[in-house]
Amino acid sequence: MSMDLPKPIADYVEANARLDIDGMLKPFQRDAVFIDNGKHFEGQAAIRQLFEEEVIPVKAIFTPDTIREDGDDIVVEGPAHGDFPGSPLRFTYRFTLADGAIRTLEVTL
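Residue numbers (UniProt numbering): 1 to 109.
Written out as structure tokens, the structure reads:
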């Protein structure tokens, strides 16, 4: 991947490629919001639980292939591969960054 992702997003993507929950959480603000196909997870504890229950068991790894700015957001798209029906599936990740960290992340199909 030779895309120029902002550091918090690059850190998240790199940690996800290793299925490293602590590394995936590190770029998020403590009170960040993760919206996964309409379901809201607020704060790092809730986001950790999401990763533990829905990402790690199916080894879901997101590989971004496009990036664009949309207002204050950074939109990254690409396939996610793993042990889940339909793999790979194409996802859109909409990041809002603040103070050098991920403030919100909304993931949609």
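Don't be surprised by glycine CBs; every beta carbon is placed ideally from N, CA and C.
Coil, strand or helix - residue i by DSSP
i, result
"Lys39", "strand"
"Asp73", "strand"
"Arg103", "strand"
"Leu97", "strand"
"Ala32", "strand"
"Ala60", "coil"
For residue i, the first and last residue of its enclosing beta strand (DSSP E)
i, result
"Pro88", "That residue, Pro88, is in no beta strand (DSSP E); it is neither H nor E in DSSP."
Residues near residue i in its chain [Cβ-Cβ closer than 8 Å; skip 5 each side]
i, result
"Gln49", "Phe41"
"Leu97", "Pro6, Pro8, Ile9, Ile74, Arg103"
"Asp11", "Gly23, Lys26, Pro27"
"Asp99", "Gln29"
Nonlocal neighbours in the same chain, by C-beta distance under 6 Å from residue i, ignoring five residues either side
i, result
"Met1", "Low confidence applies to Met1: its pLDDT is 45, below 50, so where it sits in the model is not reliable enough to give any reading."
"Thr92", "Glu77, Thr108"
"Gln29", "Ala101, Arg103"
"Asp31", "Gly43"
Cβ separation of residue i and residue j, assumed to be a contact under 8 Å, to the nearest whole Å
i, j, result
"Asn16", "Phe62", "6 Å"
"Leu19", "Lys59", "6 Å"
"Phe21", "Glu52", "The displayed chain sequence assigns Ile, not Phe, to residue 21. Yes, Ile21 and Glu52 are in contact; Cβ-Cβ is about 7 Å, under 8 Å."
N-terminal and C-terminal residue of the alpha helix (DSSP H) that residue i is part of
i, result
"Pro8", "7 to 17"
"Leu25", "21 to 25"
"Leu50", "44 to 50"
Cβ of residue i within 8 Å of any chain D Cβ
i, result
"Pro8", "No chain D is present in this structure, which holds just one protein chain."
7 Å Cβ shell around residue i - same chain, five flanking residues per side excluded
i, result
"Gly82", "Val58, Lys59, Ala60, Ile61"
"Phe34", "Phe41, Ile47, Leu50, Leu105"
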